[in-house]
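Student: Going down the list, the protein sequences come from chains C and W.
Residue numbers are given in my numbering: position 202 of the first sequence equals residue 1696, and the series is strictly consecutive.
Residue numbers are given in my numbering: position 225 of the second sequence equals residue 229, and the series is strictly consecutive.
Let me give you the structure first, and then I'll get to my questions.
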Amino acid sequence: MAGILDYNNVTKDYGSPWSKRRLRALDSFALSLDRGEIFGFLGPNGAGKTTAIHLALGFMRPSSGQGQLLGKPFGDAATRARIGFLPENVALYHRPANKLLRFYGALNGMRPARLRLRSNEVLREVELETEGNRNVAKFSRGMQQRIGLAQAMINDPELLILDEPSSALDPLARVSMRELLLEANRAGKTIFLSSHLLSEIEMICHRVAILVKGRLMRVGKVEDLLISRDRYEIVARGVRASSFEESRVRDGLVTFTVGAASQRDALERVWALGGEILSVNPVRRTLEEFFVELANKGADA
Amino acid sequence: MKPVALIAINFLREHRWPVLILFAWIVLTALAAGGFGRDRVVSDDVVFYVEQQAIYICVFSAFLAADALDNERKSRRILLVLSKAISRGEYLLAIILGTSAMAIAYAILFGLAGVWLTARAALPSSALWSMAVLIVAGSLIAATVAMFFSTFLNPYAATAVTLLLFCAPGALHAQRHAAAIWFPGFPILVNVLRFSFRQQWAVNWPSVIAAVFQSMLFWAMAAVVFNRKDIAVPVE
């Protein structure tokens, strides 16, 4: 079944076909977003995340492959009325915030009465309701970012595409942004979120994709990706911690990790020493550990 | 059509200072040609004023339209606009509409300033309003052609090529040839440069109609080229 956003083997090269400095930004990229999910899009700088987003919005054309946004080919203007987009380093016209929001909303064909209502609502949602009459040129970077998010939400979109939405935000504003995104998701919106803030992605995303040098390295549910099938954590009691490498003791329980291959030996050893196994679980890495591991693999490839 | 009008108004708003300076220029040059109200105005001075203003506005329109895409891409403001339900063709149409609205306002101001001047020179003023029509048509074709070239050239080169295209047939004495009407802008330029307050001078309506059709053609070609551009790639 087609997703809300689909990339089918999309490749994007920068530079003319006869140029020696041709750069492949995206390589046979395939991805499908399900309706109603928060999807995290990760990758080091220059991985091709923004290129993938710009292709979906029709800002550029794929060198090969194709994709669909809400069931229509990339670049279909009418379809964009059903999405919201916040670019990285948002650039806004210098106008009062509420007028600016109405301008962007009207470009999506919204009527004046609904625009007035929605501009007040979204200004409240991004906590700038008291700043509606101020020119955005006088706003701080963080406030401009929030206005950027407000314009993305003005048309009550089915899909929000956000490129580094938390950049330039202070920690408190990040928490608000996170809550706002979760609220939007609860209201049925699909969110495609590109971010460098791994903790944020880990906290709110249902699935993530990791892109390195234009190649999709991994895609899946956060829980599935972070659980390592290579190492297991064993919790036992009745044994001495010194009997096992990399072990720690807490409340009389000894916890240690072993490789998948030596898991059976470790368990037999506990029993041989007269101990009792309390639990055996795959080791759960942090998203940061997983990301660094994949980024290094990708860089070496 | 409303989004197109909104982008056009926004385009004018973004360029309000150069446009206002241009408007101040009409008034100042009219005052200068009118000798600041002291002496009687000579007919030749009024003719020079009229021709000069007509040429200025066409060149200014070409500059304004040629710079629009480059400026919006450099500032990255184009990304938010084109992330809405706006096609690239509509976006280009909005720029032409904005430039044309500026040209119409300019033509009206030019007419009013000209009426004051002709009254001081005891000349008939009806020809001025015919000239105002030529000004709008000339600005339209200049802006559209410049915008077409700006989809693949930098704004200075686009303006230069546009002006070259307008003037080259003159250098080739193309005006003696019936095909001259098909060179964009050239028949209007010839009509402007032959301006006089005598009854023999009149607007060359076929050239105005040709300019409108040529503008539509250049807009369509610009939309085709711009549709294939990677607008997110930074321009240097």
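Quick reminder that beta carbons are idealized off the backbone N, C-alpha and C, glycines included.
Going by alpha carbons, who is nearest to TYR1598(C) out of VAL54(W), ALA89(W) and THR103(W)?
Tutor: Nearest option by C-alpha distance: ALA89(W).
Student: In three-state terms, what does DSSP make of PHE1579(C)?
Tutor: Residue state, collapsed to three classes: strand.
Student: Taking ASN1629(C) as the reference, which of GLU1621(C), GLU1652(C), ARG1618(C) and LEU1594(C) has the closest Cα?
Tutor: Among GLU1621(C), GLU1652(C), ARG1618(C) and LEU1594(C), the Cα nearest to that of ASN1629(C) belongs to LEU1594(C).
Student: So, with DSSP's three-state summary, where would you put TYR1587(C)?
Tutor: Coil.
Student: Run through DSSP, which three-state label would GLU94(W) get?
Tutor: It is helical.
Student: In or out: ARG17(W) buried (at least 16 other Cβ within 10 Å) or exposed?
Tutor: Exposed, since its Cβ has fewer than 16 Cβ neighbours within 10 Å.
Student: Output, in chain order, the set of chain W residues within a Cβ distance shorter than 8 Å of PRO1581(C).
Tutor: By Cβ distance, chain W contributes ARG80, LEU83, LEU84 and SER87.
Student: What did DSSP end up calling ASN1614(C) once you bin it into helix, strand or coil?
Tutor: ASN1614(C): helix per DSSP, three-state reduction.
Student: Can you find the residues in the same chain that come closer than 7 Å, C-beta to C-beta, to GLU1762(C), ignoring five residues on each side of it along the sequence?
Tutor: Hits under 7 Å: none found.
Student: Would you call the stretch 1721-1730 of chain C and the stretch 1539-1552 of chain C in contact, with 3 or more CB pairs under 8 Å?
Tutor: No, the stretch 1721-1730 of chain C is not in contact with the stretch 1539-1552 of chain C.
Student: Name the one or two DSSP bridge partners that SER1558(C) has.
Tutor: SER1558(C) pairs with THR1505(C).
Student: Which first and last residues belong to the alpha helix (DSSP H) in which ARG1758(C) is found?
Tutor: Note, ARG1758(C): alpha helix (DSSP H), 1757-1766.
Student: Could you tell me which uninterrupted alpha helix (DSSP H) segments, each at least 4 residues in length, are contained entirely in the stretch 60-119 of chain W, listed from first to last along the chain?
Tutor: As far as the stretch 60-119 of chain W is concerned, its whole alpha helix (DSSP H) runs of at least 4 residues are 81-86.
Student: Could you give the residue range of the alpha helix (DSSP H) that holds LYS6(W)?
Tutor: Here the alpha helix (DSSP H) through LYS6(W) covers 6-18.
Student: Examine chain C for any beta-carbon lying closer than 8 Å to the beta-carbon of ARG232(W), and answer yes or no.
Tutor: Yes, its Cβ sits closer than 8 Å to a Cβ of chain C.
Student: Along the chain, where does the beta strand (DSSP E) containing GLU1677(C) start, and where does it finish?
Tutor: No beta strand (DSSP E) contains GLU1677(C), which is instead part of the alpha helix (DSSP H) from 1665-1680.
Student: Give the interface partners of SER91(W) over in chain C, defined as CB-CB distance under 8 Å, in chain order.
Tutor: Chain C residues near SER91(W): ALA1571.
Student: If you run the structure through DSSP and keep just helix, strand and coil, what is ASN1627(C)?
Tutor: It is coil, neither helix nor strand.
Student: Which residues in the same chain have their Cβ closer than 8 Å to the Cβ of LEU1517(C), if we skip the five residues on either side of it in sequence?
Tutor: Excluding residues within five positions, the ones whose Cβ falls inside 8 Å are ASP1507, TYR1508 and GLY1509.
Student: Could you tell me which residues DSSP pairs with PHE1533(C) in its beta bridges?
Tutor: PHE1686(C) and ARG1701(C).
Student: Output the distance between the C-alpha atoms of GLY1559(C) and ALA1496(C), rounded to the nearest integer angstrom.
Tutor: Using only the alpha carbons, I get a separation of about 16 Å.
Student: Any beta-carbon of chain C closer than 8 Å to the one on ASN158(W)?
Tutor: No, no contact with chain C.
Student: Answer yes or no: do VAL1713(C) and LEU1525(C) have a C-beta to C-beta separation smaller than 8 Å?
Tutor: Yes, the Cβ-Cβ distance between VAL1713(C) and LEU1525(C) is below 8 Å.
Student: Under a CB-based cut-off of 8 Å, is PRO188(W) close to chain C?
Tutor: Taking Cβ atoms only, chain C never reaches closer than 8 Å to PRO188(W), which makes this a no.
Student: Taking beta-carbon pairs under 7 Å, can you tell me which members of the stretch 1542-1554 of chain C lie near chain W?
Tutor: Those would be HIS1548, LEU1551, PHE1553 and MET1554, in chain order.
Student: Whose C-beta lies closer than 8 Å to the C-beta of GLN204(W) among residues of the same chain, with five residues either side of it excluded?
Tutor: For GLN204(W), where only same-chain residues beyond five positions count, there are no Cβ hits under 8 Å.
Student: Which class does PHE1488(C) belong to by DSSP, given the choice of helix, strand or coil?
Tutor: As displayed, chain C neither begins before 1495 nor continues past 1795, which places residue 1488(C) out of reach and without an answer.
Student: Going along chain C, which residues have a C-beta under 9 Å from PRO7(W)?
Tutor: Here the neighbours are ALA1600, LEU1601, ASN1602 and GLY1603.
Student: What residues of chain W sit near PHE1797(C), judged by a beta carbon separation below 8 Å?
Tutor: Since the first residue of chain C shown is 1495 and the last is 1795, residue 1797(C) is not available in this structure.
Student: I'd like the span of the alpha helix (DSSP H) that includes SER143(W), first residue to last.
Tutor: Unbroken alpha helix (DSSP H) run through SER143(W): 130-154.
Student: Is it true that the CB of LEU1654(C) sits closer than 8 Å to the CB of ILE1685(C)?
Tutor: It is a contact, given that the beta carbons lie within the stated cut-off.
Student: Can you say whether THR148(W) is buried or exposed, counting buried as having 16 or more other CB atoms within 10 angstroms of its CB?
Tutor: Counting Cβ neighbours within 10 Å, THR148(W) comes out buried, since at least 16 surround it.
Student: In whole angstroms, what separates the C-alpha of LEU68(W) from that of THR103(W)?
Tutor: Spanning the two alpha carbons is a distance of roughly 7 Å.
Student: What distance in whole Å lies between the Cβ atoms of ALA1730(C) and VAL1748(C), which are believed to be in contact at a cut-off of 8 Å?
Tutor: Sure, about 5 Å apart at Cβ, within 8 Å.
Student: Cutting at 6 Å between CB atoms, please list the residues of its own chain near GLN1562(C), excluding the five before and the five after it.
Tutor: So the list reads ASP1500, once near-sequence residues are dropped.
Student: Kindly indicate which three-state DSSP category ASN1443(C) falls into: helix, strand or coil?
Tutor: In the structure as shown, chain C starts at 1495 and stops at 1795, and residue 1443(C) therefore has no counterpart that could be examined.
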